[in-house]
Amino acid sequence: MRFSVVLTKNPAVTAAIASIAEDAWTPVHYPGAVVDDDTGELISDAEVAEVEFTAFASTRHPVTARLVVRRVRDCAREEELFPVWRHHPFFTNNTEPTADADITHRRHAIIETVFADLIDGPLAHLPSGRFAANSAWAICAAICHNLLRAAGTLTSPRHALARGATLRRHIVTVPARLARPGRRTVLHLPEHWPWAQHWKTLWNNVFRPATGPPRLA
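The sequence shown: position 155 = 155 (full-length UniProt numbering), numbered continuously.
If you want it as structure tokens, here you go:
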């Protein structure tokens with residue numbers, strides 16, 4: 001049976017990580033950004049290495065397998081004389097190469113990000129006392145999530161990876177004024193709004209195939 005489980009750091013795990021030689025670390029690029037376990041930020045690049053490790057060593061059933069460690073540079077401490085790393089270990093008997101085993105293990109983070117976005121958004125209003133209402137709301141939540149992700153992709157590379165709360169703040173909750181002079185719809189965006197250009201990019205990408213969008217002011 002294959003397993004791949006996150007390990008909580010303890011003296012034994014910390015000592016095992018410290019024993020990894022500096023030249024053993026291999027760069028890895030994730031095909032989709034994953035959530036950093038400490039900061040919640042999305043990351044695409046890291047370094048991985050592995051060392052043999054025995055778990056449950058003090059029990060009658062010790063298990064020896066691979067301790068695969070992903071390390072990420074601590075961006076908050078980039079001015080330090082020596083690089084500061086944050087380490088994220090997991091224990092596995094996966095037989096893939098180190099980088100592939102890490103990518104396989106981290107794939108769960110993609111769906112966890114989706115769950116986090118839904119819980120932080122429309123699913124925050126569940127459950128109600130009626131099953132039918134919950135079912136309908138869940139369907140609407142999924143539709144809303146998919147449309148929001150599509151909007152982020154049409155806005156910018158940064159917004160394509162942003163969390164739902166960021167997208168709602170930058171491109172949904174627009175501090176604009178709607179006017180209809182001469183039976184034409186005009187949207188007045190605020191001056192010096194930091195996300196104006198991103199929002200206009202989304203607007204143009206959505207309406208470009210159509211006959212013509214309402215006029216922006």
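Note that beta-carbon positions come from the ideal geometry of N, C-alpha and C, so glycine has one too.
By the 16-neighbour rule on beta-carbons within 10 angstroms, Val-69 is buried. If you check the CB distance, Arg-73 and His-87 do not come in under 8 angstroms. For His-188, the pairing in a beta bridge is given by DSSP as Arg-177. Runs of alpha helix (DSSP H) with 4 or more residues, each lying fully within the stretch 57-113, are found at 98-106, listed in chain order. Per DSSP, Ser-128 lies in no alpha helix (DSSP H) segment and is marked neither H nor E. Here Leu-154 is near Leu-202, since their CB atoms are less than 8 angstroms apart. By alpha-carbon distance to Arg-177, the top candidate from Leu-167, Glu-191 and Asn-204 is Glu-191.
The beta-carbon separation of Asp-120 and Ala-165, rounded to 6 angstroms, stays under the 8 angstroms limit for a contact. Ala-136 and Ala-142 have their C-alpha atoms spaced approximately 10 angstroms apart. Rounded to the nearest angstrom, the Cβ distance from Cys-140 to Pro-122 is 7 angstroms, consistent with a contact under 8 angstroms. Here DSSP, grouped into helix, strand and coil, assigns Ala-16 to helix.
For Pro-194, DSSP assigns no beta-bridge partner whatsoever.
Annotated three-state conformation of Ser-4 is strand, per DSSP. Following the DSSP letters along the chain, one finds Arg-168 in no alpha helix (DSSP H), marked with neither H nor E.
Residue pairing for Thr-54: DSSP places it in a beta bridge opposite Thr-64. In this structure, the alpha-carbon of Asp-45 lies about 6 angstroms from that of Val-28. Under the three-state reduction of DSSP, Ala-162 is assigned to coil, being neither helix nor strand. Per the C-alpha coordinates, the member of Glu-50, Ala-57 and Ala-160 positioned closest to Asp-23 is Glu-50. The three-state reading of DSSP puts Ala-21 in coil, since its state is none of H, G, I, E or B.
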